[in-house]
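In order, the protein sequence lines correspond to chains F and V.
Sequential numbering from 1 applies to the first sequence in full-length UniProt numbering.
Sequential numbering from 1 applies to the second sequence in full-length UniProt numbering.
Note that the Cβ used here is the ideal one computed from N, Cα and C, for glycine as well.
Each remark here refers to the structure printed beneath this line.
2 protein chains.
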Amino acid sequence: MQALQFTAETSAAGVRERDFTLGDIPGVLWSPVSGPERAPLILMGHGGGTHKRWPAMTGRAERLVNGGGFHVAVIDAPGHGDRPRTAHDEQEIAALLRAREAGEPEGPVVVRYNAHLAERAVPEWRATLDALQELPEIGADGPVGYYGLNMATAIGVPLTASDARITAAVFGLHWPDALAEAARRITVPVEFDMQWDDEHIPREAGLALFDAFASREKSLHVNAGRHKELPRFEADSAVRFFVRHLGGTVAEPA
Amino acid sequence: MQALQFTAETSAAGVRERDFTLGDIPGVLWSPVSGPERAPLILMGHGGGTHKRWPAMTGRAERLVNGGGFHVAVIDAPGHGDRPRTAHDEQEIAALLRAREAGEPEGPVVVRYNAHLAERAVPEWRATLDALQELPEIGADGPVGYYGLNMATAIGVPLTASDARITAAVFGLHWPDALAEAARRITVPVEFDMQWDDEHIPREAGLALFDAFASREKSLHVNAGRHKELPRFEADSAVRFFVRHLGGTVAEPA
Chain F
1 MQALQFTAET
11 SAAGVRERDF
21 TLGDIPGVLW
31 SPVSGPERAP
41 LILMGHGGGT
51 HKRWPAMTGR
61 AERLVNGGGF
71 HVAVIDAPGH
81 GDRPRTAHDE
91 QEIAALLRAR
101 EAGEPEGPVV
111 VRYNAHLAER
121 AVPEWRATLD
131 ALQELPEIGA
141 DGPVGYYGLN
151 MATAIGVPLT
161 ASDARITAAV
171 FGLHWPDALA
181 EAARRITVPV
191 EFDMQWDDEH
201 IPREAGLALF
211 DAFASREKSL
221 HVNAGRHKEL
231 PRFEADSAVR
241 FFVRHLGGTV
251 AEPA
Chain V
1 MQALQFTAET
11 SAAGVRERDF
21 TLGDIPGVLW
31 SPVSGPERAP
41 LILMGHGGGT
51 HKRWPAMTGR
61 AERLVNGGGF
71 HVAVIDAPGH
81 GDRPRTAHDE
91 QEIAALLRAR
101 EAGEPEGPVV
111 VRYNAHLAER
121 AVPEWRATLD
131 ALQELPEIGA
141 DGPVGYYGLN
151 MATAIGVPLT
161 ASDARITAAV
171 FGLHWPDALA
181 EAARRITVPV
191 EFDMQWDDEH
201 IPREAGLALF
211 DAFASREKSL
221 HVNAGRHKEL
231 PRFEADSAVR
241 FFVRHLGGTV
251 AEPA
């Protein structure tokens, strides 16, 4: 098993931030500056076209660390952030841009390309989790959650279906086409976000993916607005969801 | 205008509880024992077959007072609690029991009877709000919210559509048949609860009522489970919704 290499560390506003690499995968681990000896871990995925330090990632990490006392790990997805793109990545990105410029639906390209990325990303996440669990402040038997929307749902659904260490997950903003089968194997608590006026994902598609989860405890949060208008308070809701299911430390920010 | 008559008062665990009557309508006003001179008011409705002191009412009132610093008022709906039933009430209750015993859908009776009750209840609520706003700790220009599920949604939707003093509302667990038209006139922020496995209200019906609200800000919370299995954490979510929109005092209970 490969070990994490920490390459940089800073602390600010109660959050300790460490860059790491696992082989050629770069990531960031955010942790409480002070707190109990061990705390639950949230694996967090970024959306398509963004990366591990995208504002949505740093903002959610801060909420999870200060609001729940969690450790939060993000890695760059294949072909994203500091990682090289393959010829296949370039082809699919070009296909997406062509669809956008032609005013055609993005869904078919996103569904297909994200499914491809998930095949590459799931083993990377499992190796990253193996390595993170070697850290004494996380540990091999501590609670683990997964939090990822958009492309990070396309990766997180098959990851959660195949890794029993993940016991609670927040997903959202994706189609059921490539994911419903894996979702039907997920029985852990799920919170699922969708946008009622999503210009890319039809309502029926979002509802069908929510419906597919086999979880006895699952919640759907629908908000009025377009694809990119998910309200910020859903990030606070995700913190509370993980506190309920993984047992973090409640500290609601004002 | 009639004035509220307070008939009893107790205080416990940070909550001041006052029984009142407005003419022949009995109600309860829950308030913070200490706090700012004025605070927003939540009008809260009870479900069919229950009353102003049903455990769901006292539990939500405690959360709203201690979690948001709100005043919370509940009145007995017509034919409920300490109020007499008319011959028409008795007929409709008998029709509901017959449908239940025969294993027939309750929806048609509930929709029809609740629409009738709403016609009686809306003017009562408006008179109650007039009288509550005479109290110095509430005031005529303070923020007002409405919180009611089941029958209290059947009453609250036409009430909110017709009374501009209500600027945020939590509804849920009802059919669109008699309510969609009023919902289309509501533009204030709405949070709407439904149950994914509701044995009485089809999914399409709940989604259609949510869809009908004209509000730019609206959130739908769907949870797995049957009609009566709405999770308790939705009451905490309602507190946060009212804090966001009416400006209460944040105090998340652990």
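- request: Grab me the residues of residue 142(V)'s own chain with a C-beta within less than 7 Å of its C-beta, minus the 5 sequence neighbours each way, in chain order.
  value: Here the set comprises 38, 40, 41.
- request: Look at the alpha carbon of residue 188(V) and the alpha carbon of residue 32(F), and state the distance between them as a whole number of angstroms.
  value: In this structure, the CA atom of residue 188(V) is about 38 Å from the CA atom of residue 32(F).
Span of the beta strand (DSSP E), counted from its first residue to its last, around residue 6(V): Note, residue 6(V): beta strand (DSSP E), 5 to 12.
Neighbour-count burial assignment, residue 228(V), 16 or more Cβ in a 10 Å radius: The residue is exposed, with fewer than 16 neighbouring Cβ atoms inside 10 Å.
message: Against residue 224(V), what residues of chain F qualify as contacts under a CB-to-CB distance less than 8 Å, listed in chain order?
response: 215, 216, 217, 218, 219
message: Quick check on residue 151(F): does DSSP put it in helix, strand or coil?
response: Residue 151(F): helix per DSSP, three-state reduction.
message: Nearest by alpha-carbon distance to residue 158(F): which of 137(F), 197(F), 196(F), 114(F) is it?
response: 114(F)
field: 8 Å contact criterion, which residue 197(V) and residue 226(V) should meet: CB distance rounded
entry: 5 Å
- prompt: At a cut of 8 Å, does the stretch 52 to 70 of chain F reach the stretch 234 to 250 of chain F through at least three beta carbon pairs?
  reply: Under the 8 Å Cβ criterion, the stretch 52 to 70 of chain F counts as touching the stretch 234 to 250 of chain F, having at least three qualifying pairs.
task: List the residues of chain F that residue 60(V) touches, going by C-beta distances under 9 Å, in chain order.
output: The contacting residues do not exist; residue 60(V) stays about 17 Å from chain F at best.
query: Relative to the alpha-carbon of residue 132(F), which residue among 218(F), 205(F), 27(F), 208(F) has its alpha-carbon at the smallest distance?
result: When C-alpha distances from residue 132(F) are compared across 218(F), 205(F), 27(F), 208(F), the shortest belongs to 27(F).
- request: Using a Cβ cut-off of 9 Å, pull out every chain F residue sitting near residue 244(V), in sequence order please.
  value: 233
message: Tell me the DSSP secondary structure of residue 27(V) in three-state form.
response: strand
task: Using a threshold of 7 Å, state whether the C-beta atoms of residue 16(F) and residue 6(F) are closer than that.
output: no
task: Measure the Cβ-Cβ separation of residue 43(V) and residue 78(V) and say whether it is below 7 Å.
output: No. Outside cutoff.
task: Measure the C-alpha to C-alpha separation of residue 127(F) and residue 191(V) and round it to an integer number of angstroms.
output: Taking the straight line joining both Cα atoms gives about 40 Å.
task: Say whether the stretch 140 to 156 of chain V touches the stretch 164 to 176 of chain V, bearing in mind that this needs 3 or more beta-carbon pairs closer than 8 Å, one atom from each stretch.
output: Yes, since at least three Cβ pairs between the stretch 140 to 156 of chain V and the stretch 164 to 176 of chain V fall closer than 8 Å, the two stretches touch.
message: Given this structure, state the Cα-to-Cα distance separating residue 125(F) from residue 55(F), to the nearest angstrom.
response: For residue 125(F) and residue 55(F), the distance between alpha carbons rounds to 21 Å.
- request: Mind the definition here: the stretch 171 to 184 of chain F touches the stretch 198 to 214 of chain F only if three or more C-beta pairs lie below 8 Å; say whether that holds.
  value: yes
query: Under a three-way DSSP split, which group does residue 167(F) fall into?
result: Strand.
query: Looking at the unbroken beta strand (DSSP E) that takes in residue 140(F), where does it start and where does it end?
result: Where residue 140(F) is concerned, there is no enclosing beta strand (DSSP E), given that its DSSP letter is neither H nor E.
Contacting residues, own chain, Cβ-Cβ under 7 Å from residue 57(V) (five flanking each side not counted): Only 44, 46, 74 meet the Cβ criterion.
message: Looking at residue 30(F): is its Cβ nearer than 7 Å to the Cβ of residue 3(F)?
response: no
- request: Tell me whether residue 97(F) is buried or exposed, calling it buried when 16 or more other Cβ atoms sit within 10 Å of its Cβ.
  value: exposed
query: Could you give the distance in angstroms between the alpha-carbon of residue 253(V) and the alpha-carbon of residue 235(V)?
result: Any reading at residue 253(V) must be qualified, since the residue scores a pLDDT of 44, below 50, and its modelled position is unreliable; the value itself is stated next. One C-alpha to the other measures close to 12 Å.
CA-to-CA distance, residue 148(V) to residue 9(F), given in whole angstroms: 50 Å
- request: Could you say which of 239(V), 25(V), 65(V) lies nearest to residue 129(V) if we only look at CA atoms?
  value: 25(V)
- request: Measure the alpha-carbon distance for residue 21(V) versus residue 52(V) and round it to whole angstroms.
  value: 12 Å
Whole-angstrom distance between residue 83(F) and residue 248(V), CA atom to CA atom: 46 Å
- prompt: Exposed or buried, residue 91(V), counting other C-beta atoms within 10 Å across all chains shown (16 or more means buried)?
  reply: exposed
task: Identify whether residue 70(F) lies in helix, strand or coil by the three-state DSSP scheme.
output: coil
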